[in-house]
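Trainee: I am attaching a structure below and will ask some questions about it afterwards.
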Amino acid sequence: ASSGVLDLEDLSERVSVSCSATQSDCYAVIIGLVKEISSALEQGNIVRLGHLGSFQISVQSTASATPEEVDKSKIKRSSIVFRPGKKLKLMLKQLVFKKIIKT
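Okay, so the sequence shown: first residue is -1 according to this note's numbering, each after it adds one.
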């Protein structure tokens, strides 16, 4: 396998080949999916996408001795955590790596 890049346009084209939707429809669905995932995460929800996996927000903060001390300034960083679904985990287990020597 190559170490190339599959962008949104290429992905939407590939998906359209394997279903009855057009490339434009697939592109629109992917853009809509990103928007809805973002909105759900902002609301504090975990987003589960079946075989693909799940997304959730992770927050790291400094400890507070009392609940009254907890506020926005204690947050060190936030990030989006992706946990792959079963099919992606299986794909990882089945990967075969080859050593490539550059000439």
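All C-beta atoms in this analysis are idealised placements derived from N, C-alpha and C, irrespective of residue type, glycine included. These numbers were taken from a predicted model, which means no experiment stands behind them.
The beta strand (DSSP E) with Val79 in it runs from where to where?
Mentor: Position 81 of the sequence shown holds residue 79. Note, Val79: beta strand (DSSP E), 73 to 82.
Trainee: Would you mind sorting Val27 into buried or exposed? The rule is 16 or more other CB atoms within 10 Å of its CB.
Mentor: For the purposes of this step, residue 27 is identified with residue 29 of the sequence shown, where counting begins at 1. Its Cβ having fewer than 16 others within 10 Å, Val27 is exposed.
Trainee: Using 8 Å as the Cβ pair cut-off and three pairs as the minimum, do the stretch 45 to 61 and the stretch 76 to 84 touch?
Mentor: Cβ pair count under 8 Å is three or more, so yes.
Trainee: Rounded C-beta distance between Ile59 and Ile73? I'm assuming under 8 Å.
Mentor: Start at 1 with the first residue of the sequence shown, and residue 59 comes out as number 61. Start at 1 with the first residue of the sequence shown, and residue 73 comes out as number 75. The question names Ile, but residue 59 is Ser in the sequence shown. Their Cβ separation, rounded to whole angstroms, is 5 Å, which keeps Ser59 and Ile73 in contact under 8 Å.
Trainee: Roughly how many whole angstroms lie between the Cα atoms of Ala(-1) and Ser16?
Mentor: The count along the sequence shown starts at 1 and reaches residue -1 at position 1. The count along the sequence shown starts at 1 and reaches residue 16 at position 18. Its pLDDT being 46, under 50, Ala(-1) is placed unreliably by the model, and nothing is read from it.
Trainee: Could you please give me the residues that DSSP links to Arg46 through a beta bridge?
Mentor: In the sequence shown, the residue the question calls residue 46 occupies position 48. Answer by DSSP bridge pairing, in chain order: Ser52.
Trainee: Use the C-beta contact count for Ser10: other C-beta atoms within 10 angstroms, 16 or more gives buried, fewer gives exposed.
Mentor: Position 12 of the sequence shown, counting from 1, holds the residue named residue 10. Classification for Ser10: buried.
Trainee: Quick check on this structure: which residue in Val57, Glu66, Pro65, Val45 has the alpha carbon closest to the alpha carbon of Pro82?
Mentor: The sequence position of residue 82 within the sequence shown is 84, counting from 1. Measuring from the Cα of Pro82, the nearest candidate turns out to be Val45.
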